[in-house]
Amino acid sequence: MSDLTNLTLAAMRDGLREKSFSAKELTQAHIAAVEGARELNAFTVETPELALAAAETADRALADGAAKPLSGIPLGIKDLFCTEGVESTAGSNILRGFTPQYESTVSANLLADGAGMLGKLNMDEFAMGSSNETSAWGNVINPWRGAKGETLVPGGSSGGSSAAVAARIVAAATGTDTGGSIRQPAAFTGITGFKPTYGRCSRWGTVAFASSLDQAGPMARDVRDCAIMLRSMAGFDPKDSTSLDLPLPDFEAALTGDIKGRRIGIPKEYTIDGIPAEIEALWSKGADMLRDAGAEIVEISLPHTKYALPTYYIIAPAEASSNLARYDGVRYGLRETPDGGNLIDMYEATRSAGFGDEVKRRIMIGTYVLSAGYYDAYYLQAQKVRTLIKQDFDRAFEQCDVILTPTAPSAAFAAGSKSDDPIAMYLNDVFCVPASLAGLPAMSVPAGADKDGLPLGLHLIGNALEEEGLFNAGYALERAAGFSAQPEKWW
Amino acid sequence: MTDYRIQGETGEWEVVIGLEVHAQVTTNAKLFSGAATAFGSEPNSQVSLVDAAMPGMLPVINGEAVRQAVRTGVALNCEIHKWSRFDRKNYFYADLPQGYQISQFAHPIVGEGEIIVDPVDADPATIGIERIHLEQDAGKSIHDQSPEFSLVDLNRSGVALMEIVSKPDMRSPAEAGAYVRKLRSILRYVGSCDGNMDQGSMRADVNVSVRRPGGELGTRTECKNVNSVRFVEAVIEYEAQRQVEVLEAGGEIKQETRQFDPAQMITRPLRSKEEAHDYRYFPDPDLLPLIFDDAYIEACRATLPELPDTKRTRYVEQLEISPYNAAVLTAEQETAAYFELLLNETALKQRKEARAVGKAAANWVISDLFGALNGLGKSITESPISPSQGAELLALVADGTLSGRLAKDVFAIMLETGDDPAKIVEERGMKQVSDTGAIEAEIAKVLEANADKVAQYRGGKDKLFGFFVGQTMKATKGQANPQVVNELLRKALGG
Chain Y
7 MSDLTNLTLA AMRDGLREKS FSAKELTQAH IAAVEGAREL NAFTVETPEL ALAAAETADR
67 ALADGAAKPL SGIPLGIKDL FCTEGVESTA GSNILRGFTP QYESTVSANL LADGAGMLGK
127 LNMDEFAMGS SNETSAWGNV INPWRGAKGE TLVPGGSSGG SSAAVAARIV AAATGTDTGG
187 SIRQPAAFTG ITGFKPTYGR CSRWGTVAFA SSLDQAGPMA RDVRDCAIML RSMAGFDPKD
247 STSLDLPLPD FEAALTGDIK GRRIGIPKEY TIDGIPAEIE ALWSKGADML RDAGAEIVEI
307 SLPHTKYALP TYYIIAPAEA SSNLARYDGV RYGLRETPDG GNLIDMYEAT RSAGFGDEVK
367 RRIMIGTYVL SAGYYDAYYL QAQKVRTLIK QDFDRAFEQC DVILTPTAPS AAFAAGSKSD
427 DPIAMYLNDV FCVPASLAGL PAMSVPAGAD KDGLPLGLHL IGNALEEEGL FNAGYALERA
487 AGFSAQPEKW W
Chain W
52 MTDYRIQGET GEWEVVIGLE VHAQVTTNAK LFSGAATAFG SEPNSQVSLV DAAMPGMLPV
112 INGEAVRQAV RTGVALNCEI HKWSRFDRKN YFYADLPQGY QISQFAHPIV GEGEIIVDPV
172 DADPATIGIE RIHLEQDAGK SIHDQSPEFS LVDLNRSGVA LMEIVSKPDM RSPAEAGAYV
232 RKLRSILRYV GSCDGNMDQG SMRADVNVSV RRPGGELGTR TECKNVNSVR FVEAVIEYEA
292 QRQVEVLEAG GEIKQETRQF DPAQMITRPL RSKEEAHDYR YFPDPDLLPL IFDDAYIEAC
352 RATLPELPDT KRTRYVEQLE ISPYNAAVLT AEQETAAYFE LLLNETALKQ RKEARAVGKA
412 AANWVISDLF GALNGLGKSI TESPISPSQG AELLALVADG TLSGRLAKDV FAIMLETGDD
472 PAKIVEERGM KQVSDTGAIE AEIAKVLEAN ADKVAQYRGG KDKLFGFFVG QTMKATKGQA
532 NPQVVNELLR KALGG
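And the structure:
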């Protein structure tokens, strides 16, 4: 890894402005790093030519003193975002070869702010997974390895994003988070991931998984880099009816590190059976660090926490079963036409061949919970519980400003170790899912390591629209934790 | 209430009818995308990324469609729901790109209301409206252009529809026909749907069941996409008869969806309830609930024109037009618009109140103009005679320039040439003669030439009076004022 790729996004930005290096140099260093890291399988498509073209534009802007917030910064874009003229597959065979004529609002915002795109980042198929083992493009490999050199998963679904940022082959990446898909992979790879309030980032042009939960966010080296990224990604979009028409704060300016008097809530229900002691220990250490930084620690209660995961696994598949109906072989993507078959045969063959097992499982679950006779017992009930979970948070935020929990119940695990056990896999998101159901902003900050030296993240949840306070709490935690370990380069 | 009855082998049967009318909302854009909606465009030329359900595309509600639905609801005397929601109706079909239709299942924008309909040869009936909801139309599958493939045209995909659901309040084909006509008339007045059934912008799903008069409701069948008033009536006649025959033969009516075959005027099963889809309705998470306030509803109400029922009452009460004529004049907005222009001009030209000329104007439109337009196969908007020309003609009759008979001749020339009546009268010397001297001279000639008949008349053969009138009119080329002729003849013959 070169010195340039090892900089934070903020340092790259400042270096470019100070003419310490050019955007072209920075981009070429990243392109070389991407090429050198193919063993990680982090990319589905590499687009060095696009990154270089953006770099040239950025260098001219920098020379003219007309630099934009992200001029010359080479990014990776999760394959869930449709990118004009660049194959966009959402990690699925059913979209293999699909090249959109449009650019998603989030990626368009980043490009408009001067960023370049190094390529599309691998991910769990349709963002369904917690280990990046469901991608049609194959597993992404975590740049961190186990104590005995085992291959580890990078988390999911934004596993290409987490691996690429952790391996220092992109300056930062976009992720999407439906039930933890930014935060859990960030924790597994020792980077920072931020999911904003539902509605901050437009969903237009992002392949839908579960519309009421899907939210884009940044994955980057540190808290500041996430703040810079989110400022460019977010903003009102009239093309998304659920987009928030509100002014966008300067998140970076909120990073004072001063959290004196802030109240940090510790939810008692997040102490669950079977959680490793070292996770528990890190959690209390995190609370201690924030207390030492001047915050007040308060115990809070989120009584419906135990229902969050089952609720999520009703609502998300329900929406997915409908959102994925459009992949039918009629207009784009894969089409399988069995000999002598009719329309139904084409649907069956196309969807059987195009979707992987996890996607099929969730379509089946979602179809079931919406079916006549089951709707009231499952979907409707889940919506009611979702309301209760939101109310839990509303009450909690009367007592505290930010909530601290672990991000995931373990460090990165070995590839293949959970892929045969969906329930064990789903448990990865147990701490992340409640904030998703409530539409709240939340982030994972690397805060320590387990006994094998693997990174662990702590999870901070803020009240709706209070990203600034959340970022600042994350910043304070980051400074206090001082986590600086990086994976040893083996690729 | 009509007492339409099917006479079966085992006695009388009553038919119960409910209609779901799909009305395409008049707006420049589709319900959830910016795409245009022109009828008859090249296939797949009116399709946005949203309509084709490309990955990551999202719906955004078209405010104009909402406004039109609210205006329609107000016009149909319905309750307007200030909170409504869009749901997804999930099913797979090649011309349904999303794999679901966005509709309003649980919470429609418009609730209950009612309209009064006037079936031909039966008493007016009040028909309840159950609800109106907004939904997307699907595209069109074309199965007959290729031996191997079905083709799909997505121009219609995403077009805004109002589904207007009646209560099962209709009891005869005539009532159902009158309901569709009345609905179409109101939609056209409101301007929320062009009502063109032949272009598919208004079509009906016809629900029919039969029962013993006043008894328990029977099992219904639903006949989809019926696209004319005549066909709606035909479906009901056929279905009612068919169901009675099935029941009387000891069979059962299956709850099923049927299709109308206009060539044979029969219905056929499409799919039965066992094969019915489970649509898995759930709230569309891409859309927020539709919420508005009373001020919005009032603003919608303020833009409504005078509606046919109100107009008809006004014609009867204020213009002294017969209820029948008032109904005819108000049934279509274009007719009423023509009539009102004519009426205003007529009152103005004759310096009279509208009330004083209403009847004459109405009679002229209904007997003269409609007759002529029928003959020409033209609609009122294509009339060769403008309202102001019509008013001029009526004024010429009113001031005695034209007799009724001359007016008919002038009218015929107007139809042909489009000229103003005054010009025709002037150029062709068609003025009525009321000059007693000139007429007396002609009468003298007639009596002289028919001395024998004069003697017979004076001998008591009163019937001959008509003969003298005819002869005098002939001699004056029809231009003599008939009243004056009558008076002068009586005087001359009496002497």
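Those protein sequences? They're chains Y and W, same order as listed.
Converting from the first sequence to this note's numbering requires adding 6 to each position, the first position being numbered 1.
Converting from the second sequence to this note's numbering requires adding 51 to each position, the first position being numbered 1.
Don't be surprised by glycine CBs; every beta carbon is placed ideally from N, CA and C.
All of these numbers come straight from a predicted model, not from anything done at the bench.
Residue environment, residue i, which counts as buried when at least 16 other CB atoms sit within 10 Å
| i | result |
| --- | --- |
| Y/Arg230 | buried |
| Y/Ser358 | exposed |
| Y/Asn148 | buried |
| Y/Gly379 | exposed |
| W/Val171 | exposed |
| Y/Glu41 | exposed |
| Y/Ser136 | buried |
| Y/Asp220 | buried |
| Y/Gly196 | buried |
| Y/Arg174 | buried |
| Y/Ser167 | buried |
| W/Pro377 | Reading off the sequence shown, one finds Ala at residue 377 of chain W, where the question assumed Pro. Classification for W/Ala377: buried. |
Heavy atom of the ligand NAD within 7 Å of residue i beta-carbon
| i | result |
| --- | --- |
| Y/Phe104 | As far as ligands go, the structure on display features none, and thus does not contain the ligand NAD. |
Assumed close pair residue i, residue j - CB separation to whole angstroms, cut-off 8 Å
| i | j | result |
| --- | --- | --- |
| Y/Gly186 | Y/Cys438 | 3 Å |
| W/Leu457 | W/Gly529 | 7 Å |
| W/His73 | W/Glu214 | 5 Å |
| Y/Gly223 | Y/Phe200 | 5 Å |
| Y/Thr413 | Y/Arg269 | In fact, because the Cβ distance is near 21 Å, the residues do not count as touching under 8 Å. |
| Y/Ile265 | Y/Asn469 | About 15 Å separates the two Cβ atoms, so there is no contact after all. |
CB contact below 8 Å: residue i versus chain Y
| i | result |
| --- | --- |
| W/Asp204 | no |
| W/Arg331 | yes |
| W/Ile112 | yes |
| W/Leu82 | no |
| W/Leu339 | yes |
| W/Gly190 | no |
| W/Met141 | Strictly speaking, residue 141 of chain W in this sequence is Asn, with Met absent from that position. It does; some Cβ of chain Y falls within 8 Å. |
| W/Pro219 | no |
| W/Leu109 | yes |
| W/Gly209 | no |
| W/Gln440 | no |
| W/Tyr151 | yes |
| W/Ala157 | no |
Proximity winner among the options, relative to residue i (alpha-carbon distances)
| i | options | result |
| --- | --- | --- |
| Y/Val408 | Y/Glu109, Y/Arg237, Y/Gly335 and Y/Leu446 | Y/Leu446 |
| Y/Ala331 | W/Glu396, W/Leu268, W/Lys275 and W/Leu147 | W/Leu147 |
| W/Leu70 | W/Arg222, W/Val241, W/Phe516 and W/Tyr151 | W/Arg222 |
| Y/Ile285 | Y/Asp183, Y/Leu127, Y/Ala418 and Y/Ala482 | Y/Ala418 |
| Y/Arg227 | Y/Gly280, Y/Val375 and Y/Met449 | Y/Met449 |
| Y/Ala122 | Y/Lys30, Y/Ala43, Y/Ala491 and Y/Val171 | The sequence shown places Gly at residue 122 of chain Y, rather than the Ala named in the question. Out of Y/Lys30, Y/Ala43, Y/Ala491 and Y/Val171, Y/Lys30 has the C-alpha closest to the C-alpha of Y/Gly122. |
| W/Lys482 | W/Pro224, W/Gly510 and W/Ala531 | W/Ala531 |
| Y/Gly335 | Y/Ala355, Y/Ala39 and Y/Ile321 | Y/Ala355 |
| W/Glu383 | W/Asp513, W/Arg232 and W/Asn425 | W/Arg232 |
| W/Gly451 | W/Arg182, W/Asn395 and W/Val484 | W/Val484 |
| Y/Leu460 | Y/Lys312, Y/Ser328 and Y/Glu156 | Y/Glu156 |
| W/Ser260 | W/Gly269, W/Met253 and W/Arg254 | W/Gly269 |
Interface flag, residue i vs chain W, CB-CB below 8 Å
| i | result |
| --- | --- |
| Y/Ala29 | no |
| Y/Trp143 | no |
| Y/Pro323 | no |
| Y/Met7 | Residue placement at Y/Met7 is flagged as unreliable, the pLDDT there being 47, under the threshold of 50; the coordinate-derived value follows with that caveat. It does not: the Cβ of Y/Met7 has no partner Cβ on chain W nearer than 8 Å. |
Bridge partner(s) assigned by DSSP for residue i
| i | result |
| --- | --- |
| W/His184 | W/Glu214 |
| W/Leu338 | Looking at the DSSP assignment, W/Leu338 forms no beta bridge with any residue, so it has no partner. |
| Y/Ile83 | Y/Lys126 |
| W/Glu199 | Bridge partners of W/Glu199: none, in fact. |
| W/Gly266 | Answer is none; W/Gly266 lacks a bridge partner. |
| W/Asp138 | W/Ser154 and W/Pro334 |
| Y/Ile270 | Y/Ile303 and Y/Val408 |
| Y/His465 | Y/Thr411 and Y/Ser450 |
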